[in-house]
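Below: the structure, in structure tokens.
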Amino acid sequence: QPGQSWWPCNCTMAVCVENNTVQLFPVICEPPPKPTCANGLAPVQVLDDDQCCWHWECDCYCTGWGDPHYMTFDGLYYSYQGNCTYVLVEEINKTVDNFGVYIDNYHCDARDAVSCPRTLIVRHETQEVRIATVELNTLQVEVTVNKQTVALPYKKFGVSIYESGINHVVEIPELKMNVSYNGLSFSIRMPYSLFGNNTQGQCGTCNNNTADDCRLPNGNIAENCETMADHWQIVDPSKPQCSPGLIPTKSPGTTTGQPCKESSICKLILGSVFEKCHAVVNPDRFYAACVFDSCALPSLDLECSSLQIYAAICADQNVCIDWRSHTNGVCSYECPKHKEYRACGPSKEMTCKSSQQNETAVKQVEGCFCPNGTMLYDSGVDVCVNTCGCVGLDMIPREFGERFTADCQDCICLEGGNGIVCEPHKCPSQNKQSCNGNGFYEVNEVNPEDSCCPIVTCKCNTSLCTTESPKCTLGFEVYSYIPSDQCCPVYECVPKRVCVHQNAEFLPNSSVFVDKCQNCFCTNEVNVSTQLNVISCEHVPCDTYCEPGYERQSVEGECCGKCVQTKCIIHTSQSSNLILSPGEFVKDPYDNCTIYSCTSLQNQLISSTSEITCPAFNAESCKSGTITFLPNGCCKTCVPLDSPTPCSVREREDFIVYKNCRSVERVVMTECEGTCGTFSLYSVEANSLEHSCSCCREAKTSTRKVELKCPSGHSIQHKYVYVESCSCQDTHCNIPQSSEPLSLEENKESTSTPTASEAISLTTK
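Using this note's numbering, you'd call the opening residue of the sequence shown number 241 and step up by one each time.
Shown next as structure tokens:
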């Protein structure tokens, strides 16, 4: 109708005037003034609602790197060292269900002084995406959605996840935003038109004004963002012990507290390598972060993350920096053999399946790309191809129309459809063999001409044989052989050409132990009846000589017996030897006062030396008598010539020795001495001789004690008999055959009358 208007094409309005007349009015757009973004990045052109004209906006761009350092949406730089899960960005006024980006940090230093990012978390409606670092200070990450590991690219329920160079990107097209993470750094890009003045968290408020970036959850503004960052902690039951972040000094030092030496890597940021980006992106905050990281964690090369994020922002601003080759290998990055490294490549690499670039992705990224002249087959198939054809599960590129066999399927690569069409591989028929016979079994062998069509053959497996090997007797061994037309062996027992003795085998010319009395060896001669080698033996020669006092006696297990001592061997004072049999007493040839004896006690020979102790003798007192020896040939005595000596007590002093213990001083001892009458008369009544024999002996005695000193040093008490009085008594002297002191016993048949001087004492040495 006249007066009505419509838009027949972009930015042109048509108005119906009258009489089928249409007047066109093009919309004229005047270029708006270009603003300066607080974050230092270039503003972007955004279409107006009429989709004709455009205006400038500063994108909400937040990034974090290192241990860690943050730049808010409005470009405010700060460092924070907390070790919990924190809110990076959420909406102040919720417009999107369950939306937010979060970071999980942990202490990556043994001193708990600095933190590093561990997991980046993106939530959107029903999905939670986690990009977790696999190993510290590496670009290896793992992607899960709702706690399930997923393969990339992933696209579901409005969320897309893909690889872009060294980064993993989570994109939400509906919100025109993307989040990238590579294990060392993260970046969040959001449109100002959808999120301006409506963000909060550690990334601050996106409004192109740094004054309110340190916003707390209650809406107040903190004094600094380090303090603010603590308040955006998320309660995580898996991390019960969280500590507040540390506010680093402007000039960090080493672990010893000394000023840190400037890193040569960090100097590249201010040097000529990045010089062409200095005018576009201010390098100061990246340099400060690099110096801090090199001092706080010098062993982890975290300064590379500052250069990496600075180069990434420069590339986003269309300034490409090829910086890694200037780090002397410290920040090198290796690519797979089929790809090559580029400092600036497409954020989404062109593939055979799709070549469209994502509008919200950064323009250029570093990473590994297919070499020039080749193309990535598909975003989910990491194969570079010269021409776009097919790539199967074997990851081998095929051209259209190419026929091939894979997994025993006959396939062809076709353009369109699923690309590869396969059918089961057909094998030619073959004559099957009969595998009868013990030990044979049927087996399928690989056909060298066609690996999918096995060849059926008969194989021999001796473990299937039922014939058991016999047990051969000693000296024989099992011999087996397999006939040419059989599988299982035939067994026989054959001689081993050895000697056998006492359940043992001996090789020819080796010694054979029969017994100690024979030297035996195994010969090469074979016994015809036993088929065993013959053992030859010779008797061992024996030595029959034994030392004096020893006799050779048979000993069990000994072939020549053994010299065994059967007599006592006594060395006299004159260096001569006496050989005594057990029970034999012999006087010293040169000393009648010394007596040697030999006894056998419990099969042991014991030799002893005894010395006769004589009574005291005074030759001066024997003037009226004759000096003579007693019958023992050792002690002297005085024999009166005419008048008898009455029986009386006589004293003497001498040492007492008992069991090798001796009195300290001489002891007074008494003895009976004198003559008594003896006679032999004929009795008419008895018609025989009557005898009378009396001896001068003790009539009264007492017991006395004396202390004896022993060789070991201790003392013992010893009792001895002291004679009080003597008298003549009818007795008989009896000397026992022992080494004990002599005793006097009554005997009416005695015919001798010994005097008191004949009583002697024997002391055993």
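Don't be surprised by glycine CBs; every beta carbon is placed ideally from N, CA and C. These numbers come from a predicted model, not from an experiment.
| task | Could you tell me which of Phe680, Cys667 and Gly917 sits nearest to Glu1050, measuring between CA atoms? | result | Given a span of 241 to 1005 for the chain in the structure shown, any question on residue 1050 remains unanswerable.
| said: For Ser420, which residues in the same chain have their Cβ closer than 6 Å to its Cβ, ignoring the five residues on either side in sequence? | reply: As a working note, residue 420 is residue 180 in the sequence shown. Correct list, in chain order: Asn407, Val409 and Ser427.
| field | Own chain partners of Phe313 with C-beta closer than 6 Å, once the 5 adjacent residues on each side are dropped | value | The residue labelled residue 313 in the question sits at position 73 within the sequence shown. Within the same chain, Phe313 has close Cβ partners Cys300, Cys302, Cys443, Gly444 and Cys446.
| request: Round the Cβ separation of Cys887 and Ser967 to the nearest angstrom and send it over; I've been treating them as touching at under 8 Å. | output: Your numbering for residue 887 matches position 647 in the sequence shown. Your numbering for residue 967 matches position 727 in the sequence shown. Confirmed, Cβ separation roughly 6 Å.
| query | When DSSP labels each residue in this structure, what does Thr359 get in the three-state scheme? | reply | Position 119 of the sequence shown, counted from the start, is the residue given in the question as residue 359. Collapsing the DSSP output to three states places Thr359 in a strand.
| query | Excluding sequence positions up to five away, which residues of its chain have a Cβ less than 6 Å from the Cβ of Gly632? | reply | Taking the first residue of the sequence shown as position 1, residue 632 is located at position 392. Annotation for Gly632: Ala646 and Ile660 place their beta carbon closer than 6 Å to its own, counting only its chain and skipping 5 residues before and after.
| message | With H, G and I counted as helix, E and B as strand and the rest as coil, what does DSSP make of Lys507? | response | Residue 507 sits at position 267 when you count from the first residue of the sequence shown. DSSP places Lys507 in helix when its eight states are reduced to three.
| request: Please state if the CB of Asp288 and the CB of Asp349 are separated by a distance shorter than 9 Å. | output: Residue numbering aside, residue 349 sits at position 109 when the sequence shown is read from its first letter. Residue numbering aside, residue 288 sits at position 48 when the sequence shown is read from its first letter. No, Cβ-Cβ distance for Asp349 and Asp288 is not below 9 Å.
| field | Tyr342: first and last residue of the uninterrupted beta strand (DSSP E) it sits in | value | As a position in the sequence shown, residue 342 is number 102, starting the count at 1. Where Tyr342 is concerned, the enclosing beta strand (DSSP E) stretches over Gly340 to His347.
| task | Leaving aside the five residues before and after Gln977 along the sequence, list all residues of the same chain whose C-beta is less than 7 Å from its C-beta, in chain order. | result | Looking up residue 977 in the sequence shown gives position 737. Annotation note: pLDDT 46 at Gln977 (below 50); position unreliable, coordinate value reported separately. Closer than 7 Å at the Cβ level, and outside the excluded window around Gln977, lies no residue.
| Alpha carbon to alpha carbon, what distance is there between Val286 and Cys517? | Stepping through the sequence shown from its first residue, residue 517 is reached at position 277. Stepping through the sequence shown from its first residue, residue 286 is reached at position 46. Those two C-alpha atoms are separated by around 25 Å.
| How should Thr770 be labelled, buried or exposed, when 16 other C-beta atoms within 10 angstroms of its C-beta is the threshold for buried? | For this step, residue 770 is matched to residue 530 along the sequence shown. Thr770 should be labelled exposed.
| request: Compare the C-alpha of Phe746 against each of Val774, Glu642 and Glu732 and name the closest. | output: Locating residue 746 in the sequence shown gives position 506, counting from the first residue. Out of Val774, Glu642 and Glu732, Val774 has the C-alpha closest to the C-alpha of Phe746.
| query | If Cys799 sits next to Cys757, beta carbons under 8 Å apart, how far is it from one beta carbon to the other, in whole angstroms? | reply | Here residue 799 refers to the residue found at position 559 of the sequence shown. Here residue 757 refers to the residue found at position 517 of the sequence shown. Cys799 to Cys757, Cβ: 3 Å. Contact.
| said: For Cys693, which residues in the same chain have their Cβ closer than 6 Å to its Cβ, ignoring the five residues on either side in sequence? | reply: For the purposes of this step, residue 693 is taken as the residue at position 453 of the sequence shown. Hits under 6 Å: Cys667 and Asn687.
| task | Counting only the same chain and skipping the five closest in sequence on each side, list residues whose C-beta sits under 6 Å from that of Gln263. | result | Position 23 of the sequence shown, counted from the first residue, corresponds to residue 263. Hits under 6 Å: Val255 and Val257.
| Along the chain, which unbroken stretches of the beta strand (DSSP E) at least 3 residues long are found entirely within the region 583 to 649? | 604 to 609, 615 to 618, 621 to 625 and 643 to 646
| field | Chain-order list of residues whose beta-carbon lies under 6 Å from that of Cys571 (same chain, five-residue window excluded) | value | Numbered from its first residue, the sequence shown carries residue 571 at position 331. Cys544 and Arg564, listed in sequence order.
| request: Following the continuous alpha helix (DSSP H) through Ala469, name the residue where it begins and the one where it ends. | output: Counting from 1 along the sequence shown, the entry for residue 469 is found at position 229. Ala469 -> alpha helix (DSSP H) spans Cys465 to Asp470.
| said: Alpha carbons only, please: which of Asn250, Thr252 and Thr261 is nearest the one belonging to Gly243? | reply: Indexing the sequence shown from 1 puts residue 243 at position 3. Looking at the Cα atoms, Thr261 is the closest of the given residues.
| request: Could you pull out every residue in the same chain whose Cβ sits closer than 7 Å to the Cβ of Tyr581, ignoring the five residues on either side in sequence? | output: Counting from one through the sequence shown, the residue named residue 581 turns up at place 341. Counting only residues of its own chain and dropping the five nearest sequence neighbours on each side, Tyr581 has a CB closer than 7 Å to the CB of Tyr573, Cys575 and Cys608.
| message | When you compare the CB positions of Leu547 and Thr567, do they come within less than 9 Å of one another, or not? | response | Locating residue 547 in the sequence shown gives position 307, where the first residue counts as 1. Locating residue 567 in the sequence shown gives position 327, where the first residue counts as 1. It is a contact, given that the beta carbons lie within the stated cut-off.
| Taking the alpha helix (DSSP H) that Ala552 falls in, what are its first and last residues? | Numbered from its first residue, the sequence shown carries residue 552 at position 312. For Ala552, the enclosing alpha helix (DSSP H) has its first and last residue at Glu543 to Asp556.
| field | Cα-Cα separation between Arg363 and Pro266, rounded to whole angstroms | value | Here the question's residue 363 lines up with position 123 in the sequence shown. Here the question's residue 266 lines up with position 26 in the sequence shown. C-alpha separation (whole angstroms): 44 Å.
| message | Which of the three DSSP states is assigned to Thr702 in this structure? | response | Here residue 702 refers to the residue found at position 462 of the sequence shown. Three-state DSSP puts Thr702 in a helix.
| field | Assigned secondary structure, Ala254 (DSSP; H/G/I helix, E/B strand, else coil) | value | Looking up residue 254 in the sequence shown gives position 14. Three-state result, Ala254: strand.
| Would you say the region 517 to 537 touches the region 458 to 471, given that touching needs at least three Cβ pairs under 8 Å? | Touching, no.
| query | How far does the beta strand (DSSP E) with Cys833 in it reach, from first residue to last? | reply | One-based indexing of the sequence shown puts residue 833 at position 593. Element bounds for Cys833: Asp831 to Leu841.
| request: List the endpoints of the continuous beta strand (DSSP E) containing Asn937. | output: Residue mapping note: residue 937 aligns to position 697 of the sequence shown, counting from 1. It should be pointed out that residue 937 corresponds to Arg in this sequence rather than to Asn. Looking at the DSSP string, the run of the beta strand (DSSP E) that includes Arg937 is Ser928 to Lys949.
| query | Which term fits Arg638, buried or exposed, when burial requires 16 or more other beta carbons within 10 angstroms of its beta carbon? | reply | As a first step, residue 638 must be located in the sequence shown, where it is residue number 398. Buried, since its Cβ has 16 or more Cβ neighbours within 10 Å.
| query | From Gln440, Leu818 and Asp556, pick the residue whose C-alpha is nearest to that of Arg455; which is it? | reply | Taking the sequence shown and counting its residues from 1, one reaches residue 455 at position 215. It is Gln440 whose Cα lies nearest to the Cα of Arg455.
| task | Can you tell me which of the three DSSP states Lys876 falls into? | result | One-based indexing of the sequence shown puts residue 876 at position 636. Here Lys876 sits in strand by DSSP.
| said: Using the Cβ count rule (16 or more neighbours within 10 Å means buried), how would you classify Cys249? | reply: Residue numbering aside, residue 249 sits at position 9 when the sequence shown is read from its first letter. Exposed, since its Cβ has fewer than 16 Cβ neighbours within 10 Å.
| task | Leaving aside the five residues before and after Val521 along the sequence, list all residues of the same chain whose C-beta is less than 8 Å from its C-beta, in chain order. | result | Within the sequence shown, the letter at position 281 stands for residue 521. Closer than 8 Å at the Cβ level, and outside the excluded window around Val521, lie Gly280, Leu281, Tyr550, Ile553, Cys554, Gln557 and Val559.
| query | Expressed to the nearest angstrom, what Euclidean distance is found between the alpha-carbon atoms of Phe435 and Gly459? | reply | For the purposes of this step, residue 435 is taken as the residue at position 195 of the sequence shown. For the purposes of this step, residue 459 is taken as the residue at position 219 of the sequence shown. Phe435 and Gly459: Cα-Cα distance of roughly 17 Å.
| Where do the N-terminal and C-terminal ends of the alpha helix (DSSP H) with Val531 fall, by residue? | Along the sequence shown, read from residue 1 onward, the residue named residue 531 stands at position 291. From DSSP, the alpha helix (DSSP H) with Val531 extends over Asp524 to Ala536.
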